[in-house]
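Trainee:
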Amino acid sequence: MAKLVTALNIAAPDEFYEKLIRAHEGLSDDESAALNARLILVLANQIGDAEILAEALEACRTPAA
Amino acid sequence: MLQDRYTLAFRVYPYARSADQDAPAPVRHPVVVGGGGPIGLAMALDLGRQGIPVLVLDDHEGIGMGSRAICFSKRALEIADRYGCGEAMLEKGVVWNVGKVFHDDRQVFEFNLLPETGHKFPAFINLQQPYFERFLFDQIEAERARGAPIEIRGKNRIDAVEDAGDHVRIAITTPDGPYALEADWLIACDGAGSPIRAMLGLDFEGRVFQDSFLIADIRMKSTEFPTERWFWFEPWFKSGASTLLHKQPDDVWRIDFQIGWDVDRKEEMKPENIRRRLDAMLGPEVEYDIVWSSIYTFQCRRMRKFTHNRVIFAGDSAHQVSPFGARGANSGMQDVDNLGWKLGLVMSGQAPASLIESYNEERVHGADENILNSTRATDFITPKSKTSHIFRNAVLDLAEHMPFARSLVNSGRLSVPCTYDGLSLNGPDALAGSPARSRPGSACADAPLEGGYLLDRLGDGFVILTLDAAAPESIEEDGVVARRLALGAADDASGALRERYLGDAASAVYLIRPDQHVAARWENYDEAALRAALRKACGKD
Ligand SMILES: Cc1cc2nc3c(=O)[nH]c(=O)nc-3n(C[C@H](O)[C@H](O)[C@H](O)COP(=O)(O)OP(=O)(O)OC[C@H]3O[C@@H](n4cnc5c(N)ncnc54)[C@H](O)[C@@H]3O)c2cc1C
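Protein sequences, first through last, are from chains A and B.
According to our numbering, the stretch in the first sequence is residues 1 to 65, in order.
According to our numbering, the stretch in the second sequence is residues 1 to 541, in order.
1. What is the rounded straight-line gap between the Cα of D81 (chain B) and the Cα of G240 (chain B)?
2. Under DSSP, the beta strand (DSSP E) around M65 (chain B) begins and ends at which residues?
3. Would you tell me roughly how many angstroms separate the C-alpha atoms of I21 (chain A) and H389 (chain B), rounded to the nearest one?
4. When you compare the CB positions of Q516 (chain B) and C444 (chain B), do they come within less than 7 Å of one another, or not?
5. Can you check the segment 462 to 535 of chain B for any beta strand (DSSP E) of at least 3 residues that lies completely inside it and give the ranges in chain order?
6. Considering only their Cβ atoms, is the gap separating V12 (chain B) from V33 (chain B) smaller than 7 Å?
7. Go through the segment 219 to 266 of chain B residue by residue and report every complete run of the beta strand (DSSP E) that reaches 3 residues or more, in order.
8. Hey, would you say the C-beta of D316 (chain B) is under 6 Å away from at least one heavy atom of ligand 1?
9. Using C-beta distances below 8 Å, list every residue in its chain close to P30 (chain B), excluding the 5 sequence neighbours before and after it, in chain order.
10. Could you tell me whether the segment 224 to 239 of chain B touches the segment 360 to 368 of chain B, where touching means 3 or more Cβ pairs closer than 8 Å?
11. I'd like to know if F391 (chain B) contacts chain A, where contact means its C-beta is closer than 7 Å to some C-beta of that chain.
12. Taking buried to mean at least 16 other C-beta atoms within 10 Å of its own C-beta, is Y288 (chain B) buried or exposed?
13. Do you know whose CA, among B:L343, B:M333, B:I218, B:D262, lies nearest M281 (chain B)'s CA?
14. Could you name the residues of the same chain whose beta carbon sits closer than 7 Å to that of W261 (chain B), not counting the 5 residues immediately before and after it, in chain order?
15. In chain A, which residues lie less than 7 Å from V395 (chain B) when you measure between Cβ atoms?
16. Kindly indicate which residue of B:V291, B:E234, B:A16 has the alpha-carbon position closest to the one of D548 (chain B).
17. Could you tell me which of B:S18, B:M43, B:I475, B:L47 sits nearest to G344 (chain B), measuring between CA atoms?
18. So with CB distances below 8 Å, who are the chain A contacts of L372 (chain B)?
19. Could you name each continuous alpha helix (DSSP H) segment of 4 residues or more that falls completely within the segment 126 to 188 of chain B, going from the start of the chain to the end?
20. The segment 441 to 468 of chain B: which residues have C-beta closer than 8 Å to a C-beta of chain A, in chain order?
21. So, using beta-carbon positions, are K148 (chain B) and R49 (chain B) closer together than 7 Å?
22. Could you check whether the Cβ of D190 (chain B) sits closer than 6 Å to any heavy atom belonging to ligand 1?
23. Do you know whose CA, among B:R327, B:G325, B:V311, B:V168, lies nearest L339 (chain B)'s CA?
24. Have a look at B:C71, B:G193, B:L497 and flag the residue whose alpha-carbon is nearest the alpha-carbon of A123 (chain B).
25. In chain order, what are the residue ranges of uninterrupted alpha helix (DSSP H) at least 4 long that sit wholly in the segment 337 to 383 of chain B?
26. Which stretch, first to last residue, makes up the alpha helix (DSSP H) that contains L114 (chain B)?
27. What does DSSP give as the partner residue(s) for I10 (chain B) in the beta ladder?
28. Pull up the distance between the alpha-carbon of L2 (chain B) and that of Y420 (chain B), whole angstroms please.
29. Under 8 Å Cβ to Cβ from H167 (chain B), same chain only, skipping five residues before and after it: list those, please.
30. Going by C-alpha distance, which of B:A505, B:V481, B:E224 is nearest L511 (chain B)?
31. Within the 7 Å Cβ cut-off, does L245 (chain B) reach chain A?
32. If you measure from the CB of Y15 (chain B), is any heavy atom of ligand 1 nearer than 6 Å?
33. Find out if the Cβ-Cβ distance for the pair L4 (chain A), I52 (chain A) is shorter than 7 Å.
34. For the beta strand (DSSP E) that contains H24 (chain A), what are its first and last residues?
35. Tell whether a beta-carbon distance below 7 Å holds between V395 (chain B) and L408 (chain B).
36. Leaving out five residues on either side along the sequence, give the residues of the same chain with a beta carbon under 8 Å from the beta carbon of C300 (chain B).
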């Protein structure tokens with residue numbers, strides 16, 4: 001894990017988390033899944049760096065590691 | 001018994017009894033090509049133009065009716081042009097640049113291929129496969145009239161093949177009964193189902209995709225559609241999970257519906273059911289005739305090895321891809337382009353037999369690239385899981401407003417020639433400041449010259465292309481000749497030649513192979529270096 005930031009990098013974590021959950025309010029499971037997918041794509045494009053993206057995918061596939 | 005498996009568009013090589021059938025012992029031929037589809041015809045053309053006697057055996061009497069391939073790439077046309085029939089194809093074909101992508105009832109975005117100028121051929125033309133084959137066949141006739149030793153035997157079905165060490169034994173069935181032949185080399189161009197592959201018990205491994213597609217080629221009677229490629233994901237008219245509309249010559253349109261795996265083929269192929277899908281899409285007011293229709297499924301797979309002693313596989317027999325990206329016939333043409341000169345040098349004793357192994361190395365590399373691209377497109381078009389489907393639609397949703405997502409939309413990445421990066425025949429890349437696109441291993445990009453184009457001037461043999469550099473008019477190394485083509489940046493006022501071959505370099509010397517791939521490049525001519533690169537490109541190290 002060379003490049004992936006695993007320490008806190010969000011200024012107001014509670015606020016972000018609340019916004020994330022609120023974005024899904026009133027959505028069906030399918031709509032939520034679609035929103036998550038769009039969100040992942042937009043954020044991935046924002047990050048851009050192929051190494052970071054690969055590390056993130058790897059890290060999230062094996063959450064315990 | 002010989003039974004046709006398809007109807008013919010052009011019955012151009014009717015069965016005729018050959019003297020070989022009455023010979024007391026099997027007659028030996030230098031090269032037999034098994035199968036006269038586009039790849040077999042191109043193979044015969046390549047070898048015959050070199051003066052190598054070549055015999056094509058096909059179990060039909062001409063060119064099949066089924067349109068199948070419609071998109072032919074720049075590189076395939078350039079190869080055909082080296083054989084003399086590229087211009088006829090271009091003239092008949094439809095050139096297109098604009099594509100539109102729809103999801104449900106919305107246009108997601110529109111793209112323009114924005115072709116680079118200064119090439120003799122466009123990125124693509126649309127042309128029905130039977131025409132493509134017909135132009136190759138007509139060129140064979142023209143070459144034959146000039147003395148090229150090419151023979152095609154119709155209704156000659158290959159039934160058995162046996163590796164006899166330094167040759168191949170071939171058993172053939174004809175309407176007059178069986179006979180046998182021998183060949184120094186057998187080029188298997190007998191298609192995806194390759195009976196020759198099966199006869200030799202060889203593998204063909206990869207992924208089978210569980211989906212089927214209904215194709216209808218229709219001739220429009222009333223409405224005009226623009227010359228554009230339209231692709232629908234989950235179209236509102238519900239005629240398929242995806243649908244492609246594409247123009248071909250003769251007012252014919254290709255429509256391709258993804259109809260799912262568990263379909264009753266017989267039922268779906270009934271004209272009234274095909275019309276039901278078409279009418280839902282086109283609207284009831286549009287009048288058309290159905291010219292041809294078919295249901296196909298597909299695989300992405302290849303043989304582990306394309307060369308098996310004296311039997312060499314080329315085209316669909318060696319590798320199969322999904323149609324998305326038009327990489328089937330287009331990559332088969334590159335197989336032929338790659339194999340032709342190598343076989344020529346080996347047969348004339350100018351190169352060791354091991355040069356043939358570089359065909360395997362280079363074209364396996366090409367096949368893997370094609371399979372990768374076509375598998376990715378297939379996974380996007382026909383998502384295999386719920387999550388994959390959700391992501392696919394998320395990309396389409398975003399693509400409408402966010403340009404970045406348009407690059408993720410994959411309805412087929414259109415065929416471009418592969419570069420043989422890092423493979424055995426490549427020599428040095430010793431030209432500082434030069435463009436990456438013409439590094440060793442890459443297919444030469446065309447460029448405009450006074451009264452013509454660069455690729456025309458490269459022709460068929462090894463070439464020493466000099467740009468504002470000195471070099472002898474030709475050199476011969478161990479029987480192989482490379483002739484010089486002397487050019488300078490000033491030969492192309494548009495600057496394309498400079499941009500594609502010099503970049504920031506002041507001068508350049510390129511060694512170019514007969515298939516118009518770059519073998520090596522330097523800033524100045526160095527005889528020892530050039531000779532070494534020429535030997536390497538002929539498999540002599
Ligand atoms: C729907 C569809 C769309 C496509 N679109 C495109 C596209 O846009 N662009 C593209 O480049 N490619 C496309 N392709 C792929 C293209 O059609 C094939 O790659 C191409 O036909 C392969 O040519 P081939 O000569 O290797 O094999 P084939 O065309 O299959 O020819 C094989 C020949 O061998 C003969 N033969 C078979 N068995 C024997 C035997 N035992 N003895 C003697 N002869 C025999 C056959 O009769 C036939 O003539 C498409 C394919 C499909 C199905």
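We treat Cβ as the ideally placed atom computed from N, Cα and C, and that holds for glycine.
Mentor: Result, derived from the coordinates:
1. Approximately 38 Å, taken between the alpha carbons.
2. Element bounds for M65 (chain B): n/a, residue is neither H nor E.
3. Straight-line measurement puts the Cα of H389 (chain B) at about 23 Å from the Cα of I21 (chain A).
4. For Q516 (chain B) and C444 (chain B), yes; Cβs fall inside 7 Å.
5. DSSP runs (the beta strand (DSSP E)) wholly in the segment 462 to 535 of chain B: 462 to 467, 474 to 477, 480 to 487, 508 to 512, 518 to 522.
6. The answer is no: Cβ separation not under 7 Å.
7. Complete beta strand (DSSP E) runs here, min 3: 228 to 233, 242 to 248, 252 to 258.
8. When distances are taken from the beta-carbon of D316 (chain B) to the heavy atoms of ligand 1, the shortest one is below 6 Å.
9. Within the same chain, P30 (chain B) has close Cβ partners I52, P53, V54, A183, D184, W185, M347.
10. Cβ pair count under 8 Å is below three, so no.
11. So yes, F391 (chain B) belongs to the interface.
12. Y288 (chain B) counts as buried, since no fewer than 16 other beta carbons sit within 10 angstroms of its beta carbon.
13. Residue B:I218 holds the alpha-carbon nearest to the alpha-carbon of M281 (chain B) among B:L343, B:M333, B:I218, B:D262.
14. Q210, D211, S212.
15. What V395 (chain B) touches in chain A: L41.
16. Outside the displayed span of chain B (1 to 541) sits residue 548 (chain B), for which this structure offers no information.
17. The alpha carbon of G344 (chain B) has as its nearest neighbour, out of B:S18, B:M43, B:I475, B:L47, the alpha carbon of B:L47.
18. Ordered by position in chain A, no residue passes the 8 Å Cβ test against L372 (chain B), which lies about 17 Å from the chain.
19. Counting whole runs of 4 or more residues, the segment 126 to 188 of chain B contains the alpha helix (DSSP H) stretches 129 to 145.
20. Listed by position, the residues of the segment 441 to 468 of chain B near chain A (Cβ gap below 8 Å) amount to none.
21. The residue you asked about is not Lys; residue 148 (chain B) is Ala in the sequence shown. Result yes, Cβ atoms of A148 (chain B) and R49 (chain B) sit closer than 7 Å.
22. Because some heavy atom of ligand 1 lies under 6 Å away, the Cβ of D190 (chain B) counts as near it: yes.
23. The option with the nearest alpha carbon to L339 (chain B) is B:V311.
24. For A123 (chain B), the nearest C-alpha among the options comes from B:C71.
25. DSSP assignment within the segment 337 to 383 of chain B yields the following whole alpha helix (DSSP H) runs of 4 residues or more, N-terminal first: 355 to 381.
26. Here L114 (chain B) belongs to no alpha helix (DSSP H), and DSSP marks it neither H nor E.
27. Residue identity differs from the one stated: residue 10 (chain B) is Phe in this sequence, not Ile. As a beta-bridge residue in DSSP terms, F10 (chain B) pairs with B:I63.
28. In a straight line, the C-alpha of L2 (chain B) is about 41 Å away from that of Y420 (chain B).
29. Only R28, E182, A183, D184, R310 meet the Cβ criterion.
30. Cα-wise, what sits closest to L511 (chain B) is B:V481.
31. Taking 7 Å as the CB threshold, L245 (chain B) stays off the interface with chain A.
32. No.
33. Between L4 (chain A) and I52 (chain A), the CB-CB gap stays under 7 Å.
34. Taken as a continuous stretch (DSSP letters only), H24 (chain A) belongs to no beta strand (DSSP E), as it is neither H nor E.
35. When the beta-carbon positions are compared, V395 (chain B) and L408 (chain B) come within less than 7 Å of each other.
36. Cβ-Cβ distances below 8 Å link C300 (chain B) to G206, R207, F209, Q320, V321, S322, I371, S374, T375, T378 in the same chain, with the five nearest sequence neighbours on each side left out; the list follows chain order.
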